[in-house]
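Trainee:
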Amino acid sequence: MRKPMIAGNWKLHKTRAEATALLAELKAALTGLASVEVVVAPPFTALAAAAEEISGSSLLLAAQNCYPASTGAFTGEVSPLLLKDIGCSYVIVGHSERRQLFGESDEFINEKVHALVETGLGVIFCIGETLEERESGQMYDVLRRQVRLGLKGLSAAAMAGVVVAYEPVWAIGTGKTASNEQAQEAHAFIRALLKEQFGQEIAISTRILYGGSVKPGNIDGLMAQADVDGALVGGASLKAEEFVRIARFNPA
Ligand code: PGA
């Protein structure tokens, strides 16, 4: 009942021309793949060109960040309203790079989640522990705090628009993927947290993506885990061949 999602987080990569070229390849290779929701998240400056390139295809557009207000005196920021206007279906929030490099708190991330839900945009809500937190036995507490505070105040109906992405920080961009068992264990724990906070129905219907060095070589094993409903892919989403293979995963 949970439709798998494969989302590409392009981070700070790709000019408009490069984005258009990559999307043309993805479109050609992924047309007809109805069983998977495929999402791409180019940088803000390529969103308009990307929206045009993928129009009429099944690919969906995401932004990598937003500010939690619709309009106003917020120099340099981009709102959910403007992202919806440009053709985005989802926005990524709570990514560990934003938490670590830009000091985003659980409370600020929660404001973004609410702003997105109110605008009618889908949310890809990222959580995950650092290596230090995992090794010192704090992983469960960290995930619990991130889910409690990040999704605070949402109704069960609002949760229908939220996808959770579990991205252990130590696996992002490092080439170290969580093992299938580590991913499954964390995903099952997150699903239990969703049950505590929102009830059984939401826990069962919410998609939980895995992220952190997902590649063609490890996607099949990850997707074979009961609670892994897709992937948030960084580095490997920048190359058409790799991303297409990931989107066309084949759980063993
Ligand atoms: P990676 O990034 O696949 O390059 O590890 C994942 C992410 O940060 O979303």
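Numbering (our numbering), first residue to last: 1 to 252. A virtual CB, placed ideally from N, CA and C, is assigned to each residue, including glycine.
For the 8 Å Cβ check, are there 3 or more pairs between the stretch 24-32 and the stretch 50-62?
Mentor: With the cut-off at 8 Å, the stretch 24-32 and the stretch 50-62 touch.
Trainee: Taking all protein chains shown into account, decide if D141 is buried (16 or more other Cβ within 10 angstroms of its Cβ) or exposed.
Mentor: Exposed, by the Cβ-count rule.
Trainee: Distance check for L116 and A73, CA to CA, integer angstroms please.
Mentor: Straight-line Cα distance between these residues: approximately 19 Å.
Trainee: Buried or exposed: Q64, going by 16 or more other Cβ atoms within 10 Å of its Cβ?
Mentor: So Q64 ends up on the buried side.
Trainee: By DSSP, does V36 sit in helix, in strand, or in coil?
Mentor: Three-state DSSP puts V36 in coil, outside helix and strand.
Trainee: Three-state secondary structure (DSSP) at Y90?
Mentor: DSSP places Y90 in strand when its eight states are reduced to three.
Trainee: What is the C-beta distance between F243 and D220, in whole angstroms, given that I count them as a contact (C-beta under 8 Å)?
Mentor: Incorrect: roughly 15 Å between the Cβ atoms, too far for contact.
Trainee: Could you tell me whether the Cβ atoms of G150 and F189 are closer together than 8 Å?
Mentor: No, the pair does not count as a contact, with Cβ atoms beyond the cut-off.
Trainee: Looking only at DSSP bridge pairs, what is C126 linked to?
Mentor: According to DSSP, which records beta bridges pairwise, C126 is partnered with A165.
Trainee: Verify the contact flag: E167, CB atom, against every heavy atom of the ligand PGA, threshold strictly below 7 Å.
Mentor: Indeed, a heavy atom of the ligand PGA lies less than 7 Å from the Cβ.
Trainee: Skipping 5 residues on each side, what residues in its chain have a beta carbon closer than 7 Å to that of S155?
Mentor: Once the five neighbours on either side are set aside, S155 has no close Cβ partner at all.
Trainee: Counting only the same chain and skipping the five closest in sequence on each side, list residues whose C-beta sits under 7 Å from that of S205.
Mentor: The residues are M1 and R2.
Trainee: Could you have a look at N180 and say whether DSSP puts it in helix, strand or coil?
Mentor: DSSP places N180 in helix when its eight states are reduced to three.
Trainee: Specify, as a first and last residue, the run of the alpha helix (DSSP H) that G150 falls within.
Mentor: Unbroken alpha helix (DSSP H) run through G150: M139 to G150.
Trainee: Report yes if the CB atom of R247 is closer than 8 Å to the CB atom of G212, and no otherwise.
Mentor: For the sequence presented, residue 247 should be read as Ala rather than Arg. Cβ distance not < 8 Å, so A247 and G212 don't count as in contact.
Trainee: For N9, which three-state DSSP category applies?
Mentor: DSSP places N9 in strand when its eight states are reduced to three.
Trainee: Kindly indicate which residue of F198, L12 and K112 has the alpha-carbon position closest to the one of L47.
Mentor: The option with the nearest alpha carbon to L47 is L12.
Trainee: If you draw a straight line from the C-alpha of A17 to the C-alpha of G32, how long is it?
Mentor: Straight-line Cα distance between these residues: approximately 25 Å.
Trainee: What do you reckon, is the C-beta of V254 under 7 Å from a heavy atom of the ligand PGA?
Mentor: With the chain covering only 1 through 252, there is no way to say anything about residue 254.
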